[in-house]
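This report refers to the structure that appears directly beneath it.
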Amino acid sequence: MKPSDGVSRVDEDPEKRGPNDFCLWKFAKEGEPYWETDIGNGRPGWHIEDTAITETIFGPQYDIHGGAVDLMFPHHEAEIAQMEAVSGKVPFVKYWLHAGFLNMKEEKMSKSLGNIVTIREALKANDPRVLRFMFISGHYRSTLTYDEDVLEQSRQALQRIDEFMFRLDSGYASAKEKELVDELKAGVIAALDNDFNTPPSLVSYI
Ligand SMILES: [Zn+2]
Numbered sequence: 085m086k087p088s089d090g091v092s093r094v095d096e097d098p099e100k101r102g103p104n105d106f107c108l109w110k111f112a113k114e115g116e117p118y119w120e121t122d123i124g125n126g127r128p129g130w131h132i133e134d135t136a137i138t139e140t141i142f143g144p145q146y147d148i149h150g151g152a153v154d155l156m157f158p159h160h161e162a163e164i165a166q167m168e169a170v171s172g173k174v175p176f177v178k179y180w181l182h183a184g185f186l187n188m189k190e191e192k193m194s195k196s197l198g199n200i201v202t203i204r205e206a207l208k209a210n211d212p213r214v215l216r217f218m219f220i221s222g223h224y225r226s227t228l229t230y231d232e233d234v235l236e237q238s239r240q241a242l243q244r245i246d247e248f249m250f251r252l253d254s255g256y257a258s259a260k261e262k263e264l265v266d267e268l269k270a271g272v273i274a275a276l277d278n279d280f281n282t283p284p285s286l287v288s289y290i
């Protein structure tokens, strides 16, 4: 990532040595809430807030930290820098899972753009299984689009699976059939072991 890409999410300040340096501590501006401390009135920067919460609950090291791709820098890098510096323990987090954006047609869904569909609204309009299917039909790191076409495709795919399941007899008709099922299961598990690669596991079902 180019250093400038993340700068919009880092405060600009002429006193910084590097434009990408992030704030550990924010001095209180007029009207802002603050703590009184030896270094003056202020509050921790938001990267610290997260690290403080996770350290309290999980300790200085834990397994999985998620977030959208736009949080890699500066937010997650700042969390790593802070916690590893304080604890001396490396790595701070074993696995980082950075999800792609959820788009509304062409645009990223975001609070600041005001084009948000809440989970509650989405659940009111759709069967939860359809939504779940839609979310896993793309790899979690790729961009996903939320619109009526995609929802309709998910509805139809899910219906095909349901109809197939309905027609299935219980038990295996032959050793060959069991072999095929075992092969399919192993394929799905191998795909999931490969960075939660959900799309191939679905393709083999449909
Ligand atoms: Zn965080």
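In terms of the numbering used here, the sequence shown opens at residue 85 and continues consecutively.
Even for Gly, the Cβ is constructed at its ideal location relative to N, Cα and C.
8 Å contact criterion, which residue i and residue j should meet: CB distance rounded
i: Val153; j: Ala183; result: 7 Å
i: Lys189; j: Thr229; result: 7 Å
i: Leu286; j: Ser226; result: Contact flag wrong, Cβ pair sits at about 14 Å.
i: Gly129; j: Leu108; result: 6 Å
i: Met167; j: Glu139; result: 7 Å
i: Trp180; j: His159; result: 11 Å between Cβ atoms; not a contact.
DSSP bridge partner residues for residue i (one or two, in chain order)
i: Trp109; result: Pro128
i: Tyr146; result: Val177
i: Thr229; result: Asn187
7 Å Cβ cutoff met for residue i and residue j
i: Gly126; j: Lys110; result: yes
i: Ala34; j: Phe106; result: Not covered by the structure: residue 34. The range shown for the chain is 85 to 290.
i: His223; j: Val177; result: no
i: Ala270; j: Pro284; result: no
i: Lys100; j: Pro144; result: no
At what residue ranges does the segment 151-226 contain a whole run of the alpha helix (DSSP H), taking only runs of 4 or more?
For the segment 151-226, whole alpha helix (DSSP H) runs of length 4 or above, ordered along the chain, are 161-171, 203-209 and 212-220.
Would you check if the segment 196-213 and the segment 259-268 touch, i.e. whether three or more CB-CB distances between them fall below 8 Å?
No contact exists between the segment 259-268 and the segment 196-213.
When the Cβ atoms of the segment 174-189 are set against those of the segment 248-258, are three or more pairs found closer than 8 Å?
Here the segment 174-189 does not lie against the segment 248-258, with fewer than 3 beta-carbon pairs under 8 Å apart.
Contact between the segment 201-215 and the segment 231-245 (3+ Cβ pairs under 8 Å)
Yes, since at least three Cβ pairs between the segment 201-215 and the segment 231-245 fall closer than 8 Å, the two stretches touch.
Which runs of the alpha helix (DSSP H) at least 4 residues long sit entirely within the segment 231-255? Give them in chain order.
Counting whole runs of 4 or more residues, the segment 231-255 contains the alpha helix (DSSP H) stretches 232-251.
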